[in-house]
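Participant:
In our numbering, the protein residues as written are 6 to 701.
(1) Are the Cβ atoms of residue 138 and residue 366 separated by less than 8 Å?
(2) Using 10 angstroms around the beta-carbon of residue 481, count the other beta-carbons present and answer buried if the total reaches 16, otherwise exposed.
(3) Residue 503 and residue 511 look like a contact to me (Cβ under 8 Å); what is the Cβ gap, rounded to whole Å?
(4) Can residue 371 and residue 423 be called in contact, C-beta distance under 8 Å?
(5) Let me make sure I understand the geometry here. Which of 401, 116, 436 and 686 has the alpha-carbon closest to that of residue 446?
(6) Our contact map puts residue 134 next to residue 154 with C-beta atoms below 8 Å; I'd like the distance itself, whole angstroms only.
(7) Assign residue 641 to buried or exposed, taking buried as 16 or more other Cβ atoms, counted over all protein chains shown, within 10 Å of its Cβ.
(8) Given residue 500, which residues of its chain have a CB within under 7 Å of its CB, disregarding the five upstream and five downstream residues?
(9) Count the other CB atoms, across all protein chains shown, that sit within 10 Å of the CB of residue 307; report buried if there are 16 or more and exposed otherwise.
(10) So, is residue 345 buried or exposed, given that buried needs 16 or more other C-beta atoms within 10 angstroms?
(11) Measuring alpha carbon to alpha carbon, tell me which residue in 361, 27, 399 and 561 is nearest residue 141.
(12) Hey, how far is the Cα of residue 46 from the Cα of residue 294?
(13) Look up residue 465 in the DSSP assignment and say whether it is helix, strand or coil.
(14) By Cβ distance below 6 Å, which residues in the same chain neighbour residue 179 in space, the five residues on each side in sequence not counted?
(15) Please classify residue 363: does DSSP put it in a helix, a strand, or coil?
(16) Could you give the distance in angstroms between the alpha-carbon of residue 638 and the alpha-carbon of residue 656?
(17) Measure the C-alpha to C-alpha separation of residue 465 and residue 399 and round it to an integer number of angstroms.
(18) What's the call for residue 278, buried or exposed, on a 16-neighbour Cβ count within 10 Å?
(19) Flag this pair as yes or no: are the beta carbons of residue 198 and residue 123 separated by less than 8 Å?
(20) Among the residues of its own chain, which have a CB less than 7 Å from the CB of residue 6, if the five just before and after it don't count?
(21) Anyone know if the C-beta pair for residue 418 and residue 562 falls short of 8 Å?
(22) With distances taken from CA atoms, which of 605, 91 and 604 is nearest residue 337?
(23) Just to confirm my understanding: we take residue 329, look at its own chain, exclude 5 residues before and 5 after, and list those with CB closer than 8 Å. What are they?
(24) How do the region 265 to 285 and the region 221 to 238 stand: do at least 3 beta-carbon pairs fall below 8 Å, yes or no?
(25) Whole-angstrom Cβ separation of residue 478 and residue 560, contact assumed at under 8 Å?
(26) Near residue 391, what residues of its chain come up, given a Cβ to Cβ distance below 8 Å and the 5 sequence neighbours on each side ignored?
(27) Can you give the Cα-Cα distance for residue 78 and residue 216, rounded to whole angstroms?
(28) Measure the C-alpha to C-alpha separation of residue 489 and residue 191 and round it to an integer number of angstroms.
(29) Within this structure, are the beta carbons of residue 38 and residue 586 separated by less than 8 Å?
(30) Is there contact here, the region 101 to 119 with the region 55 to 62, by at least three beta-carbon pairs under 8 Å?
(31) From residue 578 to residue 591, what does the alpha carbon distance come to, in whole angstroms?
(32) Please say whether residue 374 and residue 358 have beta carbons closer to each other than 8 Å?
(33) On a Cα-Cα basis, can you pick out the residue from 635, 143, 125 and 600 that is closest to residue 325?
(34) Just checking, does the region 606 to 626 make contact with the region 158 to 173 on the three C-beta pairs under 8 Å criterion?
(35) Name the two residues that bound the continuous beta strand (DSSP E) containing residue 341.
(36) So is residue 546 buried or exposed if we call it buried at 16+ other beta carbons inside 10 Å?
Spelled out as C-alpha cells, the structure:
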C-alpha cells in the first residue's frame, strides 16, 4: 500500500509501525472513518492537540525509568519532529507537541531504536505503569518494585485482552506503606509487602480522580508476587466485558465497582479463572538489570554561594539505602525542559552516576546513585543547566497539567497560575521551601490530569459569567485532600469558585491561616478540624464577579482576553458506530487470532476470536439502533433481538457460544474451534446485513 520502511529488528514492533503508516494513508484517502482512526492512533500514543493540524506524542516510560541513551534519543526525536521541548507528565511519561501526523510512524521507529515505545500511551488500554520514583533506593522499602512493574508492563503490552476497553486503565506500584505510588487513585494499585519472607503486595482496586474521585477498595491485604499478573488479567477481562462503553462519564473501573460492589466483582473475577492460561507468573527479580554506578575520581569544585547550596542540599538530596550514595532531585518547573539541557544532563549522569534517571509523579527528575562526595560537583554542574531550584517535592513544587496551552479540554490556564503561585511562595513564604507536608496541584479542567482533588490545596480550571454575560477564567478552590498511606486517602472538598486572577490572594489567605492556627498539625488534620465552612467564610468574598476589572478577563500566562473554548477530549477514546468498519475490525481480529494460533499463543488467539464475536454482534445491534453499553449487554441483547426471533440461526444461544471462553482452558484445540466459530458467525451476520440493506 505504501513504501514506508523501518529499520526495527523486532518484527512485531515493525508491523505495528508500518500498520500505523498504512492506516494514516487510508485515513487521508477517506477509507477509514475519522472516529475509528482516532481510536487507532490513540493506542499508538498519537493524541490530538488544541492547535489544529498537529499532534501531541506521548512516550511511554514504564515506572519513569529513562536510560541516558534513551534520553538522548528522545531529545533527537524532539528536535527533528517537534520544537525541542520535553514535558514530563504526572504519569512519568514524556510528551512532545506540535508533531505532523504523517511523520509519526518514522518518529516512532526512531524511538524504538533505543527500545522506547508509544504503544498504548493513550487510548482505551493499560496506560503507563507507574511506580514510586525511589523504587530500588528507598531506605524504607521492603524490596525493589521495579522488576514487578516492568513485568506487568511487558505482559500487558499489545495483550489482546486490553486493547479496546471502554476506557483507559491505570496501574501503580508503591514501594512502601506510605503509598508514594498513590495506589488509592488507580484502577489497580500494588503496595509492596513481605509476609513470612515472601514478597507480595497489598492490592487496591477501583480508585480514580476526575469529576467524581473515588478511593480504591482493598481487594487483597496480601497477594504473593507470582499471583499479581494472573490477578490483573482477570480484572482486565471483567472490566473489558462489564465496563461501561457508551457513556464516557461512567466508563472507568471505579464506576463498575461502585455500581455492582466489590463482592459481585469478585464473583465475576472467579468466573474468568478457567480462561486464564497461567495461574502463576513468577517474576524473577534477581534477573532484573543491576544498577551499576560508575567509579570516578571526585572533581574539585568551589561553591560560590554556600547559603544557596545548603538550602538546595537540604531540599533536593534524597537519602538512599545503598551506603555511600544519595539521589539528587531536580525540580522541573511545570515538568518542562529542553533538549539542549537534556543532552548535557544525560552526559553528566552517564559519566558520574549510574546512567539512569527517574521521572517522578510530580513532574520532576531524580538522579539515583550519586556518590556522597560528588554532591557538590553535581550541584555545580546542575547549576550551569539551571537545574538547582530548591524545593524538590516540597510545597513550592506545584504540579500542573498543560491546561489551555495545548489540551483540547483545558478551560483555564494551569501553567500560568502555577508559575505565579510558585513565585508567591518563594517571595512571601520562603519557609515552605522545605515543607513536604503541603501539596499544591492544579488542573485545567475537571478531568484532574494535574491531580488537584488529591492535593492539600487544589485548583481546577473553570469559567465564571457576569450578569452582563461576560466570561472570565476561574478557579475552583479545593482543600483538605491528602495521601494517608496504606492505600487510604482523603479527597479535597470544593470550597469556592473564584476568578483566576484572585488565585494568589486565595493562597495567601489559606497559608496565613494555616500559619496562625494549625499549631503544628498536618494540613489535612488542620482542615478536618476547621471544616469546609470555616474556609468558605474567609474566601467567599473572592467569588464576587460584580467587581471584575479588565485584568480579570485575561488568563494567567496570556495577554489576550479570555475565550472559553473546549474541544473534544481524546483521553478515553471514542465510540465507533459505522457498521462496515466494525465488520472490517472483526475480520482483522480473526486474522490476529489465526496468527496467534500459529505462534502457539492460544490465550491470545481465544481472546481475539472473542473480540471478533462481540464486534460482529455489536455491528448488527447498532444497525438496529440498540444500546451497546458493555460487552455483557451486547451478548444478552443479541440473543433477544436476533437469535430467539430466528433472524440469525445458531446451534444454541449466542451467550452459550461466546462464553465458551470462560468454560474452556485456552488449549490449541479449543482456540482453533473458537476461531472457526467466530469466522462462521461473522459470515452469518454479514449475510444478514447484506440482505437487510437490499430490502431497504
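A virtual CB, placed ideally from N, CA and C, is assigned to each residue, including glycine.
Facilitator: In terms of the structure at hand:
(1) Contact: yes.
(2) So residue 481 ends up on the buried side.
(3) Contact between residue 503 and residue 511 is confirmed by a C-beta separation of about 6 Å, below the 8 Å threshold.
(4) Taking 8 Å as the Cβ cut-off, residue 371 and residue 423 do not qualify as a contacting pair.
(5) Put simply, of 401, 116, 436 and 686 the residue whose alpha carbon is nearest the alpha carbon of residue 446 is 401.
(6) By a beta-carbon distance limit of 8 Å, residue 134 contacts residue 154. Their separation comes to about 5 Å.
(7) Counting Cβ neighbours within 10 Å, residue 641 comes out exposed, since fewer than 16 surround it.
(8) The answer, listed in chain order, is 482, 483, 484, 537, 540, 541 and 544.
(9) So residue 307 ends up on the exposed side.
(10) Classification of residue 345: exposed, given that the 10 Å Cβ count is below 16.
(11) When only C-alpha atoms are compared, the closest one is 361.
(12) One C-alpha to the other measures close to 32 Å.
(13) Assignment of residue 465 by DSSP, reduced to helix, strand and coil, places it in the strand class.
(14) Beyond the five residues adjoining it in sequence on each side, residue 179 comes within less than 6 Å, by CB distance, of 137, 185, 186, 188 and 196 in the same chain, given in chain order.
(15) Of the three classes helix, strand and coil, the one that applies to residue 363 here is strand, per DSSP.
(16) Each residue's Cα considered, the two are about 20 Å apart.
(17) Their Cα atoms are separated by approximately 20 Å.
(18) Note on residue 278: under 16 other CB atoms within 10 angstroms of its CB, so exposed under the neighbour-count rule.
(19) Going by C-beta atoms, residue 198 is not nearer than 8 Å to residue 123.
(20) Here residue 6 scores only 42 on pLDDT, less than 50, and its place in the model should not be relied on; the value that follows carries that caveat. Closer than 7 Å at Cβ, skipping near neighbours: 27 and 30.
(21) Their beta carbons are under 8 Å apart, which means residue 418 touches residue 562 by this criterion.
(22) Measuring from the Cα of residue 337, the nearest candidate turns out to be 91.
(23) Cβ neighbours of residue 329 beyond the five flanking positions: 376 and 377.
(24) Flag = yes, the region 265 to 285 and the region 221 to 238 touch.
(25) Taking C-beta atoms under 8 Å as the contact rule, residue 478 and residue 560 qualify, at a distance of about 4 Å.
(26) Here the set comprises 346.
(27) Approximately 37 Å between the Cα atoms of the pair.
(28) C-alpha separation (whole angstroms): 15 Å.
(29) Residue 586 is positioned such that its CB atom lies closer than 8 Å to that of residue 38.
(30) A contact exists between the region 101 to 119 and the region 55 to 62.
(31) Residue confidence is low: residue 578 scores 37 on pLDDT, short of 50, so the model does not pin down where it sits. Its coordinate-derived value is still stated next. So the alpha carbons of these two residues sit roughly 19 Å apart.
(32) In this structure, the beta-carbon distance from residue 358 to residue 374 falls below 8 Å.
(33) The alpha carbon of residue 325 has as its nearest neighbour, out of 635, 143, 125 and 600, the alpha carbon of 143.
(34) Enough Cβ pairs lie closer than 8 Å, so yes.
(35) Per DSSP, residue 341 belongs to the beta strand (DSSP E) from 341 to 343.
(36) By the 16-neighbour rule on beta-carbons within 10 angstroms, residue 546 is exposed.
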